[in-house]
Structure formats: structure tokens, C-alpha cells
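One structure below.
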Amino acid sequence: MSEKSTAKTAVINYRSPTAETSRRLAVISVACFMVLFPLPIIVNFFVSMHIQMVQALLLALSIFSLAFLLACLHGYRHNRQSRIILTERGIVVPGRRLPNSPMKDGIAWSQVDRIAYLKSDTGRFHDGTVVLHISRASPIDLKLRNLSSEDADKLVSACELWANEPSKDGSFKQLLDAVTEGRLAGEDGGFTALWLEEAQRRLSTTPFVPLSPGTTLQEGRVKVVQPLTTGGWSAIYLCQWQDKTSAILKEAVVPPGANEELKEKARKHFEKEAVLLAGLDNPKIARVLDYFIENGRQYMIIQRISGANVRSYVKDRGIVSESQALKWADELVDIVGYLHGRTPPIIHRDLTPENLVLDMRGSLVLIDFGAANEFVGTVTGTLVGKPSYISPEQFSGHATLQSDLYSLGAVLFFMLTARDPEPLSVARPRQHNKGVSEAMDDFVAGLTALSLAERTASVSVARERLDALIAQASPVPAPGPVLVETGKIESGDDTEEE
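Numbering of the sequence shown is given in numbering that gives the first Met the number 0, commencing with residue 0 and proceeding in unit increments.
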């Protein structure tokens, strides 16, 4: 089952004892290797050895240091991943996947039988452990002292919001009370306050209500024709702009009761993004026609582009050929390059198959921006977006220019496989479509590398690699006849008189 485009997700960094032990062993193994590995050479250089047993012992120590180093580095690489992902569907813990799970990339909340809290001997809540008892599997122990206050807050809040009510025992309720009162997360309430407010608003009698058809804004300059999509605290409408132009209206709503400081920060960010986007002039990008705030809601009017989006196209016609994917990749790199080349550079944040429309010539046009999602995410303290197309650093709230490259690679994966990539993973389309060349597979994998250091560094680097791919895929024309000075026409190996 694919993730909803409005899925709310939180990411926490857990400093597990296993990861810390692996790190220490890796450091020790490096030190041992540096000392023991060269011993046979060093000792033999300074001391003439004729005792075979000593030589054999030194050689064994050298080999042992190498094996110990490789084993420790492998263990560190395996255990260093400490990112835990919490969603409405379940929880993703590194190294923990259950067979026959409804959530193929993690553990569904329905598989969590009981959530308990074990107090420590000190009696302090942040020294205790949250224990998730899993059906037909060993429990997961999460020590709160290995979490930052904010991440501990996210963990407790996620369990309260999304776990099944019968699974929460009395000890967990005590922890929740402590966190809510601010003894763990601080006096401002942190994420718990925001998330509990959200839960309360879900059950309230006055949820977010989209605008009705016929509603007018800006003294009649904007008229809502019909809603297209709604979710969370945002909506998209078909509208009539200035009495004649059909356009798209994006609406982002500030949830009532959200932190005032966050609301102000989000408002300024939205206005800044809107100004930058309104200044864009590229035929491959839908123009931002206007933006405004009315009745506490943020609005952006975007040029309407007729045509099917990439998701609809792939759904109807199946996977895209590699040659077609290369053509669209060429267009996408140009679009992203234009955005990143602006002053200041613009991070799109929301490259997905839904936001790319095919015009009448079959070329891609970018129709949406992540400004509204960023706004809603800021005021609610949750991530709004499609997890399969969001990079790890954007999950953590620190989007960079390389985040767009990750999304670009994820879109190419979708084109070539007709499936969404696994969230927070390196996309390898060849694993699902053997018709994809190894070069194309490596190109997509480079774009979706989890580490910024390993990911394609910039759009200019992506352009160089893509041009090489296109050149490699293009057929080389056969050599034509050549007129030489002898008056003969040469073609291949045959020569004939003129």
C-alpha cells in the first residue's frame, strides 16, 4: 500500500548502546591494525630473526589485526544507522523487519501488543526505558537517555497518537503525563503539545473545512470553482482568476492553537518563498500568478497546465522505456538547474510524479512547489510530503539543494519501475526492471544515495553524468562516403574509381 501524499512522519535519532559499542570497537580495531599489521616488516628490518615460531606469531598477529579491523568496520557500518521513523502506519527501526507485516519496511502499530515504560533506579523519567512488545518477536527497548529531549518527546507523542489504545499500559500513561507536563521536554511543551493539540483538533467538531465552490477571495478577483484535493491543513482548488483565467489555488491553513512563534516564522517563510517563485520565468515551470493572506490562510495562485501527470501516465501505460526516461531526465535536470541557479537558489522540496505534468508536446512541466507543505510542516511540527520522494536530511527538517536531486532520482525510479521507491533507501530500478541498463541504475542510485557525501554533489554534476548516459545510449551513425584527393570515393573498406 502506497503512502498517502499527506502522510505525517517524524524521525528521531537514537544513540543505541549497540551503535556506541560498535563505534568504540571500530576505533580500537583501527589502533590495533596500525600497531600490529606492520610488525613482521618492522621487526624483521631492525632485528634478524631466525626463529620461525616468532615469525609465525608476528604474522598471525598481523593477519588477526586485519581481520579484526574488517569485522569491526562491518559491524559499525551495520549498526551505525540509528534513525527511527514514526508514521501513522507504524515504526521503522534499523534491522527490525517482521515477516508477513502489513508494513513491509517496518513494524505496523497493529503488531505492537503492549507499550510499557520501565522506571530506572534513579526514579527520573528520562533515565527509564520505553519497551515495545511485538507480536511473535523480541521486544524493542528504547532507553530515553539515548534520545534528545525533543526526540523523546516525538517518540512518546507518536505512540500516544498512533498506537492502538489497548496497547498502552498504565506505566506508559504515567510517562505521557510527565512529558506533557514538561518535566521531560521543557516548559514550552515541545512536540508533545503540538501533536496532542493536533489529536484534539482531529476529534473536535470544528476541523479544517475546505472552501466551497463559488467562494470568492480578494474582493472577487479569485473565485473557487471546485476543490481538487484536500488533506491535513491544506487544499488545492480549481479557480477563476481575474474573472477570465482558469488557474490553480493552493491553500495552507494555520491550525488553531499552534505556537504563535512558529506561526509567525512559517508566515514569513511562506511569503519569502512566494516572492521567489513569483519571479520565475521558465516555460517548463508553472508560473506563480499571485499570493496573498486572507482570513489567516495562506494562498498561492499557480498557472494551470492541462495534461496528465507522470503518475497517471505510468498507471495507464506502464513502465517508461529507458530512452524516454533519459529524455525526461534531461528536462528535469534543466528544470532543477534553473531553480538552483537562481539568486538565492530555490530548493523545490516536492518533486513527485504528481507534480510533473505532460504538456501537448509530451514534455514535462513542473506544476507545484513545496512552499505550502513547508508552511504546514513548520506550524504543526510534522513532516508533510510523500516519504518515498523525500531525502533523509529533508525528513530531519534540513533540506538542501541535494535534496531535490534525491527526489529527482526517486521520480526516475518510479518511471522505470511503475512503483514508489522505498522511503529512505538507495533506489536501484534494475532490481525491479532488468531492462534498465547498469549505467542508468548507477545514475539513479547516485542521485538517491542517503549520505550527502556519497550523493551526486550538484545539478551540474548530474548534468555531466546524464549527458554521458545520453551519448552512450545514442546510436553512432555509420561513416558515409569520403572524397579523397586521389579522385576516388572511399566508403568503408571498398574503393571504387570515380
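All residues carry an ideal CB built from backbone N, CA and C; glycine is no exception.
All figures in this text were calculated on a predicted structure; none of them were measured in a lab.
- Shown here for F412: same chain residues with a beta carbon closer than 6 Å to its own, the five before and five after excluded, namely P420, A426, P428 and V443 in chain order.
- Looking at the backbone, the Cα of P344 and that of V252 are separated by about 26 Å.
- Linking S21 to V34 through their CA atoms gives a straight-line distance of about 20 Å.
- Within the same chain, L68 come within 7 Å of V29 by CB-CB distance, once the 5 residues on both sides are set aside.
- I300 and L275 have their C-alpha atoms spaced approximately 14 Å apart.
- Contact check between the region 319-337 and the region 460-468: three or more CB pairs, one atom from each, fall below 8 Å, which counts as touching.
- Under the three-state reduction of DSSP output, V332 falls in the helix class.
- When the beta-carbon positions are compared, L365 and I318 stay at least 8 Å from each other.
- In the displayed model, G434 falls within coil according to three-state DSSP, outside both helix and strand.
- Inclusion of L350 and L407 in the CB contact set at 8 Å is warranted, their separation being smaller than that value.
- Under a 10 Å Cβ-count criterion, P39 is classified as buried, with 16 or more other Cβ atoms of the shown protein chains found around its own Cβ.
- Given a length threshold of 4 residues, each whole run of the alpha helix (DSSP H) inside the region 390-425 is given here in chain order: 391-394 and 400-416.
- If you compare the alpha carbons of R296, L141, K314 and L248 with that of D289, the shortest gap goes to L248.
- Per DSSP, S450 is not a residue of any beta strand (DSSP E), being assigned neither H nor E.
- Counting along the chain, the unbroken beta strand (DSSP E) around S245 starts and ends at T244 to V252.
- A contact between stretches requires three or more CB pairs, one per stretch, nearer than 8 Å, and the region 58-75 fails this requirement with the region 130-147.
- A direct Cα-Cα distance of roughly 18 Å separates A70 from L58.
- If you draw a straight line from the Cα of G278 to the Cα of T244, it comes to about 19 Å.
- Separation of the CB atoms of Q217 and F291 is rounded to 6 Å, and the pair is thereby assigned contact status at 8 Å.
- For H347, the three-state secondary structure derived from DSSP is coil.
- Distances from the alpha-carbon of V130 to those of S147, G169 and S148 put G169 closest.
- Within 10 angstroms of the beta-carbon of L146 lie 16 or more other beta-carbons, which makes it buried.
- CA-CA distance, S436 to Q393, rounds to 29 Å.
- As the crow flies, the alpha-carbon of N294 is around 20 Å from that of E272.
- Check the Cα spacing between L357 and each of D126, S424 and V313: the tightest is with V313.
- The continuous beta strand (DSSP E) containing D289 extends over residues V287 to E293.
- H73 is classed as exposed because its beta carbon has fewer than 16 other beta carbons within 10 Å across all chains shown.
- Here L56 carries a helix assignment [DSSP, helix/strand/coil].
- Taking C-beta atoms as the reference points, V224 and P212 count as a pair closer than 8 Å.
- M439 counts as buried, since no fewer than 16 other beta carbons sit within 10 angstroms of its beta carbon.
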